[in-house]
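Structure, as structure tokens:
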Amino acid sequence: FRSVPLVMVLLWFYLVVPSFLQQVLGLSPKTDIRLISAMVAFSLFEAAYYSEIIRAGIISISRGQGSAALALGMTQWQAMRLIILPQAFRAMVPLLLTQGIVLFQDTSLVYVLSLADFFRTASTIGERDGTQVEMVLFAGLVYFVISLSASLLVSYLKRKRTV
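Count the sequence shown with this note's numbering and you get residues 6 to 168, in order.
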């Protein structure tokens with residue numbers, strides 16, 4: 006899923022998951038499962054990125070750490086849990102948070118499934134009240150403030166880690 010555009014994954018799951026669930030669970034063709042399709046698509050799409058971040062974090066710890074733990078009499082599981090993962094987690098945190106920011110921003114792509122996200126809801130309210138420009142700017146500002154705050158947190162954690 007890492008090299009496939011998210012919009013394509015969302016559309017694919019929107020078209021495939023309903024047929025699959027109708028056959029397996031016997032759901033009515035009229036059942037609206039756009040939200041389930043979007044959740045499955047996001048889960049699988051982001052799992053590819055998160056698993057790669059976790060794998061890279063674990064690999065970034067030198068083999069000597071694991072060897073030393075085994076030499077001290079720890080089992081493989083104890084070495085992973087007590088020695089390797091805590092160190093790897095420190096390296097992974099900024100990347101995990103950055104991917105979380107990307108996920109937050111990507112949630113607006115559910116518009117391709119006609120689901121109402123924050124941006125679409127703001128736009129709809131703006132159309133209704135005649136303040137569409139203001140509402141779209143407000144939604145954009147909210148996305149910006151949340152993303153900027155999270156990015157500043159990531160920068161802080163990166164600096165703290167290097168000190």
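Glycine included, each C-beta is placed from N, C-alpha and C at the ideal position.
In the structure shown, D37 adopts coil according to DSSP, grouped into three states.
Between I38 and V21 the beta-carbon gap is near 11 Å, outside 8 Å, which marks them as no contact.
With fewer than three CB-CB distances shorter than 8 Å, the segment 31-51 does not count as touching the segment 63-77. In this structure, L120 sits near A43, with a CB-CB distance shorter than 8 Å.
A residue is called buried once 16 or more other Cβ atoms fall within 10 Å of its Cβ, and P91, having fewer, is exposed.
When C-beta atoms of the segment 141-153 are compared with those of the segment 96-111, three or more pairs fall below 8 Å, so the two segments count as touching.
The alpha-carbon separation between E132 and R166 amounts to approximately 46 Å. In the same chain as F94, and ignoring 5 residues on each side of it, the C-beta atoms closer than 8 Å to its own belong to G62, in chain order. Between the alpha carbons of M140 and K163 lies a distance of about 34 Å. Burial check for V138: the Cβ neighbour count within 10 Å stays below 16, so the residue is exposed.
Given a length threshold of 4 residues, each whole run of the alpha helix (DSSP H) inside the segment 6-83 is given here in chain order: 11-30, 39-64, 68-76.
The beta carbon of A46 lies closer than 7 Å to those of V14, L15, F18 in the same chain, with the five residues before and after it left out. Put simply, of I58, G105, P99 the residue whose alpha carbon is nearest the alpha carbon of V159 is P99.
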